[in-house]
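Following: one structure in structure tokens, then a few remarks.
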Amino acid sequence: MSDVANRVKEIIAEQLMVDVEEITEDSTFVDDLGADSLDRVELIMEFEEEFGIEIPDAEAEGIQTVGEAIAYIERKLQEKEKAKSGEL
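Counting the sequence shown from 1 gives a position; my numbering is that position plus 41.
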């Protein structure tokens, strides 16, 4: 499991007060982990702060599972790295 995946799961566990072992990539935020709309907003903000990325509201709405969050964050980090190396 990637560092991103581990950190995403840790953030979710802290924010939603669930055991990190209960969180799988197939877990949905609302149905499986019991997140409400405020929890989802707070999670997105935590992801943005932790990984130094921006997640637009429209894109955040499409992130329904832990695996989708991990894939999205990894993609944004790759884009950020490419942009950074292109600037040099």
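C-beta: ideal position from N, C-alpha, C; glycine also.
Item: C-beta contact flag for V45 and I111 at 7 Å; Value: yes
Item: Through-space distance from E120 to G127, alpha-carbon basis; Value: 10 Å
Item: Spatial neighbours of E51 in its chain, beta-carbon cut-off 7 Å, leaving aside the 5 residues before and after; Value: V61
Item: Alpha-carbon spacing of K117 relative to I94, whole angstroms; Value: 7 Å
Item: Of the residues E91, S78 and E122, the one placed nearest A101, counting alpha carbons only; Value: S78
Item: Residue nearest to Q56 in terms of C-alpha spacing, selected from P97, F88, Y113 and L84; Value: L84
Item: Same chain, Cβ closer than 7 Å to D67, neighbours up to 5 away in sequence not counted; Value: T106 and G108
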